[in-house]
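In the UniProt record's numbering, the protein residues as written are 1 to 228.
Input: a single structure, listed below in structure tokens.
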Amino acid sequence: MRLNLPGVLLIEDVQCCVVCCFMYQWLIDWIRMASLVARVGREHQRYDGNFRLVSGCIPYKVAGDGEGFNSDWQHKLKVLMVSSPNRNDLVFPKGGWEDDETAEEAASREALEEAGVRGILKKNILGIWEFRSKTREKACCLKGGCRGYMYALEVTEELDNWPEQGDRSRKWLTIEEASELCRYDWMRHALEKFLQLMSDNMKAAGLADYCATATTTLSTPNVMALVL
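Shown next, in the form of structure tokens:
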């Protein structure tokens, strides 16, 4: 017997509400994912002379108990790297900078497409590097030259599904681990710049006593050119 008492939710009603909420959230997630499609092609690619312009970022977070930075801050700092098909080394998200976006927007887009993360892109650019692709010499332009703009991205959202999930895996690493596994010398140099940026930010916040641990110098072999 079912009693229809005013203001009283029956078990059937609660179950129905739970199912409806679950279906609604599933629909929202499906629509959201359907709109996340990785850009392909070079029709809108930016070039500067013989250089193909690319933009990327170093996604990061502070792991641990939520206490923020302390004397062990460098070990709590994690950076996110992604893999490429048929390779064991890792890279930071990066890709072509297109003519309908800024370098900052391109960096954020690549982080979403390749690593499935969103966040706050720091205004201070880590640097601009000119380099030659090692694995696909003609991938950047006729002479294989690229000019890469790199930023730091504080991750605030990590998606369960993302556009290039089928081709790439992602992994959170310490600074030391990232340096060892990084494929490109110029990205390793960007990681060093990132570490220095974090140290400078801590000094500005009055945490100078903790910055002595940020003196690690990462190995940065030959980079074609660095533009500051």
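Where a beta carbon is used, it is the ideal one built from N, C-alpha and C, also for glycine.
Let me know the secondary structure DSSP gives residue 45 once reduced to three states.
In the sequence shown, the residue the question calls residue 45 occupies position 45. Residue state, collapsed to three classes: strand.
Can you check which of these residues, 48, 43, 81 and 44, is closest to residue 61 by C-alpha distance?
Position 61 of the sequence shown, counted from the first residue, corresponds to residue 61. Answer by Cα proximity: 81.
If you draw a straight line from the alpha carbon of residue 96 to that of residue 52, how long is it in whole angstroms?
Counting from 1 along the sequence shown, the entry for residue 96 is found at position 96. Counting from 1 along the sequence shown, the entry for residue 52 is found at position 52. Roughly 8 Å separates the two Cα atoms.
Using a 10 Å radius around the Cβ and a threshold of 16 neighbouring Cβ atoms, would you call residue 193 buried or exposed?
The sequence position of residue 193 within the sequence shown is 193, counting from 1. With 16 or more other Cβ atoms within 10 Å, it is buried.
In whole angstroms, what is the alpha-carbon distance linking residue 58 and residue 93?
If you number the sequence shown from 1, residue 58 lands on position 58. If you number the sequence shown from 1, residue 93 lands on position 93. Taking the straight line joining both Cα atoms gives about 7 Å.
So with Cβ pairs under 9 Å, would you call residue 120 a contact of chain C?
Of the protein chains in this structure there is only one, and it is not chain C.
Going by beta carbon distance, what residues of the same chain come within less than 8 Å of residue 35, once the five residues before and after it are set aside?
As a position in the sequence shown, residue 35 is number 35, starting the count at 1. Caution is warranted here: a pLDDT of 49 is assigned to residue 35, below 50, making its placement in the model unreliable, and the coordinate value is therefore given only provisionally. Around residue 35, the same chain offers no residue with a beta carbon nearer than 8 Å, after the five sequence neighbours per side are excluded.
Would you tell me roughly how many angstroms separate the C-alpha atoms of residue 88 and residue 196, rounded to the nearest one?
As a first step, residue 88 must be located in the sequence shown, where it is residue number 88. As a first step, residue 196 must be located in the sequence shown, where it is residue number 196. Taking the straight line from one Cα to the other gives about 27 Å.
Same chain, Cβ closer than 6 Å to residue 55, neighbours up to 5 away in sequence not counted:
Within the sequence shown, numbered from 1, the residue matching residue 55 stands at position 55. If we look at residue 55 and ignore the five residues flanking it on each side, its Cβ neighbours are 97, 103, 106, 107 and 149.
Mark residue 176 as exposed unless 16 or more other C-beta atoms lie within 10 angstroms of its C-beta, in which case mark it buried.
Here the question's residue 176 lines up with position 176 in the sequence shown. Exposed, since its Cβ has fewer than 16 Cβ neighbours within 10 Å.
Within 10 angstroms of its Cβ, does residue 157 collect 16 or more other Cβ (buried), or is it exposed?
On the sequence shown, residue 157 is found 157 positions in, with the first residue counted as 1. The residue is exposed, with fewer than 16 neighbouring Cβ atoms inside 10 Å.
Those residues which DSSP pairs with residue 55 across a bridge
One-based indexing of the sequence shown puts residue 55 at position 55. The secondary-structure analysis by DSSP pairs residue 55 across a beta bridge with 95 and 149.
Check whether the Cβ atoms of residue 131 and residue 184 sit closer than 9 Å, and answer yes or no.
Residue mapping note: residue 131 aligns to position 131 of the sequence shown, counting from 1. Residue mapping note: residue 184 aligns to position 184 of the sequence shown, counting from 1. In contact: residue 131 and residue 184 (Cβ atoms closer than 9 Å).
What would DSSP say about residue 112, mapped onto helix, strand or coil?
Taking the first residue of the sequence shown as 1, we reach residue 112 at position 112. DSSP places residue 112 in helix when its eight states are reduced to three.
Pull up the DSSP beta-bridge partners for residue 83, would you.
By 1-based counting over the sequence shown, the position of residue 83 is 83. DSSP, once it has assigned bridges, lists 90 as partnering residue 83.
With which residues is residue 170 paired in a DSSP beta bridge?
Locating residue 170 in the sequence shown gives position 170, counting from the first residue. In the DSSP output, where bridge partners are listed per residue, residue 170 has 82.
Excluding the five sequence neighbours on either side, which residues of its own chain have a C-beta within less than 8 Å of the C-beta of residue 28, listed in chain order?
For the purposes of this step, residue 28 is identified with residue 28 of the sequence shown, where counting begins at 1. Reliability of the predicted coordinates at residue 28 is poor, the pLDDT of 47 falling under 50, and no value is obtained from them.
Tell me which residues share the same chain as residue 117 and place their Cβ nearer than 6 Å to its Cβ, disregarding the 5 neighbours each side in the sequence.
Working through the sequence shown from its first residue, we reach residue 117 at position 117. For residue 117, where only same-chain residues beyond five positions count, the Cβ hits under 6 Å are 59, 111, 155 and 158.
With a threshold of 16 other CB atoms inside 10 Å of the CB of residue 74, please say whether the residue is buried or exposed.
Start at 1 with the first residue of the sequence shown, and residue 74 comes out as number 74. Buried, because 16 or more other Cβ atoms sit within 10 Å of the Cβ of residue 74.
Going straight from the alpha carbon of residue 198 to that of residue 114, what length do you get?
For this step, residue 198 is matched to residue 198 along the sequence shown. For this step, residue 114 is matched to residue 114 along the sequence shown. Using only the alpha carbons, I get a separation of about 24 Å.
With 16 other Cβ atoms within 10 Å as the buried cut-off, status of residue 2
Position 2 of the sequence shown, counted from the start, is the residue given in the question as residue 2. Its pLDDT being 48, under 50, residue 2 is placed unreliably in this model, and the coordinates cannot settle the point.
Check the DSSP bridge columns for residue 131 and list the partner residues they point to.
Locating residue 131 in the sequence shown gives position 131, counting from the first residue. When DSSP reads this structure, residue 131 sits in a beta bridge with 146.
Residue nearest to residue 172 in terms of C-alpha spacing, selected from 90, 44 and 85:
One-based indexing of the sequence shown puts residue 172 at position 172. Checked all of 90, 44 and 85; the closest Cα to residue 172 is 90.
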